[in-house]
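What follows is a single structure, written as structure tokens, with notes after it.
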Amino acid sequence: MREVAVVGVGMTKFGSSEKSNVELFAEAAMEAITESNLEPKDMQALFLGNVFGGFEEGQVTLSAFAAADIGVPYIPTTRFEGACASGSVAIRDAYIWVASGFYDIVLAGGTEKALAMGTPYATRTFAMGSDSRYEVPTGITFPGVFAMMAHLYARKYGIPLEKLKERMALVAIKNHHNGTFHPKAHFRKEITIQDVYNSIKVAEPLQLYDCCPFSDGAAAVVLASAEKAKKLTDKPVYFAGVGQCSAPPLPNQKDITRIKAREASAKQAYDMAGLSPKDIDICELHDCFTIAEIAATESLGFFDFGEGSKGVEAGETQIGGRIPINPSGGLKARGHPIGATGAAQVYEIAKQLRGECGERQVEGAKVGMTDTLGADLCMVCNMIFKI
Amino acid sequence: MTEEREVSSASFYQFLAEKKLMASRCQKCQALYLPPHPICTKCYGNDMEWVEMKGNGKLAAFTSVAVGPSCTLEEGYDRNNPYLVGIVELDEGPKVSGRIRGLDPKKPENIKIGTPLTVEFLEQVEGKRCFLAFKAE
Amino acid sequence: MEYALTAKMFTEALKENKLLGLKCNKCGAYTVPPKKVCMECTSEDLEVVELSGKGQIQTFTVIRVPPEGFEAPYIVGMAELDEGPWIMGNIVDVDPDEATMNLIGMRVKLGHKALPGDKFSAGEMVAVTFSPQT
Chain A
517 MREVAVVGVG MTKFGSSEKS NVELFAEAAM EAITESNLEP KDMQALFLGN VFGGFEEGQV
577 TLSAFAAADI GVPYIPTTRF EGACASGSVA IRDAYIWVAS GFYDIVLAGG TEKALAMGTP
637 YATRTFAMGS DSRYEVPTGI TFPGVFAMMA HLYARKYGIP LEKLKERMAL VAIKNHHNGT
697 FHPKAHFRKE ITIQDVYNSI KVAEPLQLYD CCPFSDGAAA VVLASAEKAK KLTDKPVYFA
757 GVGQCSAPPL PNQKDITRIK AREASAKQAY DMAGLSPKDI DICELHDCFT IAEIAATESL
817 GFFDFGEGSK GVEAGETQIG GRIPINPSGG LKARGHPIGA TGAAQVYEIA KQLRGECGER
877 QVEGAKVGMT DTLGADLCMV CNMIFKI
Chain B
525 MTEEREVSSA SFYQFLAEKK LMASRCQKCQ ALYLPPHPIC TKCYGNDMEW VEMKGNGKLA
585 AFTSVAVGPS CTLEEGYDRN NPYLVGIVEL DEGPKVSGRI RGLDPKKPEN IKIGTPLTVE
645 FLEQVEGKRC FLAFKAE
Chain C
-2 MEYALTAKMF TEALKENKLL GLKCNKCGAY TVPPKKVCME CTSEDLEVVE LSGKGQIQTF
58 TVIRVPPEGF EAPYIVGMAE LDEGPWIMGN IVDVDPDEAT MNLIGMRVKL GHKALPGDKF
118 SAGEMVAVTF SPQT
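Spelled out as structure tokens, the structure:
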């Protein structure tokens, strides 16, 4: 398998958009293609992540129409669905096709118009990530899954719920703070702990500010073989390792404070890269909810199990801390158009490793990791990059 | 007319509500796009300008739909009361699809390709959106 | 080979407050809700059995922002059945406004709740319910 690099990245502003999924992706794609010093006709294939195009705007076959909108209607295109991990699984797949030699230059990424659905309908469609026969009839929601994780985490590690909620709030505050430095973030305002505590209850113990927003947006990356990459850019960002794992429905996983799919996926990525958690300089991970960030830092090996929430309190995950987590603002502040998020994480890691992040730059970052998780904790994808 | 609105499908529908059929034209190579595109797929330029179409064209293809999606049931169409959908070639060149009115959907055999048509702006039942139709004289 | 216990069969039994599962003749594990093979050892040598319907709450949440078609607040939880597997259901006979961490560890017995299907559900929806074992 040969080496593969990211040669260009692009993303739309995340937030509320009147544009269609096709239009959003075309915009992100052209930014990535231009940054690569290439043209659309150089793209040999498109790997597009999108979850709810049918529900958002009555559109399936997004991948074909996205290629048409950038002037290459006849290339092979495929839509990837891995719930909130869709963008990542698309990029990992694209990486494998280029690493294997089947393609030299491809376009990958994702798009979503989650805001188009409105909250009650979106809550119903997001619940489709749980088992439709055995879980959905209970009225479980996606926040509900992580709410159950939070209660179990507090009980398992003997942390008083109020204390855990305080540490969860610090995650939200940190990520909002980081988001103020990201020109394309959905939210670019600071929040206080009172804002978190005053927000409406969504699924106890999660309140509104424990939750990432529904967002519209797209992000894209251009991948090339290392040989071609070196001719296109003087700062190729190389794939060092990738991992992906699935898991059965939530109840089958039992102790959900330990996300088994993530532990296995991260191990694949670390082993392939010949690295361990201490080698990672920055991580863009899946903070769909504040508790999700805490649990993720543990499953990825940045903290011992049960210690993640203390690490937040100690400031270890801030830009400038021992292990900067979500310097972009994460899903919480940068936003979460679910099909696009995996690609937006690669966008951030690439820009960080190239030293292009301005006020949110993590000094000296050489190795970065992305992490996305979907649905019933049952789709996880991790990628490690180095410059 | 200089129109500064962003080139997107949302703008296209805003124009329809203002009873204007608008295309985008690449300022570099003059290629015309309807529906509008922000990026020229011939020369990859992204410098587009809006151009209003006169609204005249000819029927290029059509079908009479007897089993439509649920919104057409709300409009009063069903198996015994079909509606026409077609592709219209505008005088300016682009081809666009739309509802076809003024011809008998129950007698598709009498409908001729090439029939002259003019644009019509139809309001959907709840008045929430305006969509494109063409009418035979 | 046919599915030993389909979702439809499981749901029909649940509507009579019977909790069915699959006992593996090879390794002895219980698979519930049902799958095609034993979830521990993948054997297809499975027997349909009726479970005790008793368990212990492991975690829960009170849903306050519901999906379209549901009316909040209500409690969703996961219980560990006496036979081993975990299962998701609604905790009933408990006021959602009084739900605290004390629900964790509560012994429960299973019942069911049937709802009309919605546009997306491929028919009727039947949920497991947990009520306190008194």
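Protein sequence lines, in the order shown, are assigned to chains A, B and C. The first sequence begins at 517 in the numbering used here and counts up one residue at a time. The second sequence begins at 525 in the numbering used here and counts up one residue at a time. The third sequence begins at -2 in the numbering used here and counts up one residue at a time. Even glycine gets a Cβ: it sits at the ideal position worked out from N, Cα and C. All values derive from a computational prediction rather than experimental measurement.
Remark: C-beta atoms of ALA521 of chain A and VAL862 of chain A do not approach each other more closely than 7 Å. Within the stretch 727 to 745 of chain A, no residue places its CB atom closer than 9 Å to a CB of chain B. For the stretch 28 to 48 of chain C, the residues whose beta carbon sits under 7 Å from a beta carbon of chain A are, in order, PRO30 and MET36. Across the structure, HIS692 of chain A and LEU724 of chain A are spaced so that their CA atoms are roughly 14 Å apart. About 6 Å separates the CB atoms of VAL525 of chain A and GLU551 of chain A; that is less than 8 Å, so the two are in contact. In chain order, CYS654 place their CB closer than 6 Å to the CB of GLU647 of chain B, counting only its own chain and leaving out the 5 sequence neighbours on each side.
GLU644 of chain B carries a strand assignment under DSSP once its states are collapsed to helix, strand and coil.
Bounds of any alpha helix (DSSP H) do not take in CYS564 of chain B, whose DSSP letter is neither H nor E.
By the 16-neighbour rule on beta-carbons within 10 angstroms, MET633 of chain A is buried.
With a threshold of 7 Å between beta carbons, GLY587 of chain A makes contact with chain B. Between the alpha carbons of GLY817 of chain A and LYS681 of chain A lies a gap of roughly 22 Å.
For TYR650 of chain A, a Cβ of chain C is located within less than 7 Å of the residue's own Cβ. In the DSSP annotation of this structure, LEU677 of chain A is not part of any beta strand (DSSP E); the continuous alpha helix (DSSP H) holding it starts and ends at 677 to 695. Of A:ARG683, A:LEU722, A:SER731 and A:MET684, the smallest CA-CA separation from HIS702 of chain A is found for A:SER731. A contact is defined here as three or more CB-CB pairs under 8 Å, and the stretch 18 to 30 of chain C meets this definition with respect to the stretch 40 to 47 of chain C. In the pairwise beta carbon analysis, the stretch 834 to 851 of chain A is classified as not touching the stretch 573 to 587 of chain A: fewer than three pairs are separated by under 8 Å.
Your pair ILE798 of chain A and GLN868 of chain A checks out as a contact, with CB atoms roughly 6 Å apart and the cut at 8 Å. Per DSSP, the beta bridge partners of GLU576 of chain B are B:MET546. Residues of the stretch 46 to 73 of chain C with a C-beta atom less than 7 Å from some C-beta of chain A are GLN55, THR56, PHE57, THR58, VAL59, ILE60, ARG61, VAL62, PRO63, PRO64, GLU65, GLY66, PHE67, TYR71 and VAL73, listed in chain order. Take the alpha-carbon of ILE624 of chain B and the one of GLY617 of chain B: they are about 18 Å apart.
Chain C has no Cβ within less than 7 Å of the Cβ of TYR713 of chain A. Taking 7 Å as the Cβ-Cβ cut-off, the stretch 569 to 596 of chain A approaches chain B at ASP585, ILE586 and GLY587, given in chain order. By the CB criterion at 7 Å, VAL34 of chain C and ALA76 of chain C fall outside the cutoff. Assigned with DSSP and collapsed to three states, CYS799 of chain A falls in strand. Taking all protein chains shown into account, THR708 of chain A has fewer than 16 neighbouring C-beta atoms within 10 Å of its C-beta and is therefore exposed. Contact between LYS848 of chain A and ASP803 of chain A holds, since their C-beta atoms are separated by about 5 Å, short of 8 Å. Bounds of the beta strand (DSSP E) holding SER741 of chain A are 732 to 741. Taking a cut-off of 8 Å for Cβ pairs, the stretch 527 to 534 of chain B and the stretch 529 to 541 of chain A touch, as three or more such pairs fall below it. A Cβ-Cβ distance of about 16 Å is found for the pair GLY86 of chain C and TYR27 of chain C, leaving them out of contact under the 8 Å criterion. Contact residues of the stretch 86 to 114 of chain C toward chain A are GLY86, ASN87, ALA96, MET98, ILE101, LYS110 and LEU112 (C-beta to C-beta distance below 8 Å). Residues of chain B whose Cβ lies closer than 9 Å to the Cβ of ALA542 of chain A are, in chain order, HIS561, PRO562 and ILE563. VAL591 of chain B sits exposed, since fewer than 16 C-beta atoms from the chains shown fall within 10 Å of its C-beta.
The criterion of a C-beta distance shorter than 7 Å is satisfied by VAL896 of chain A and SER781 of chain A. Using a Cβ-Cβ cut-off of 7 Å, PRO556 of chain A is close to TYR568 of chain B, given in chain order. Runs of the alpha helix (DSSP H) lying entirely within the stretch 754 to 787 of chain A, each at least 4 residues long, are 766 to 769 in chain order. Annotation: the continuous beta strand (DSSP E) that includes CYS21 of chain C extends over 17 to 21.
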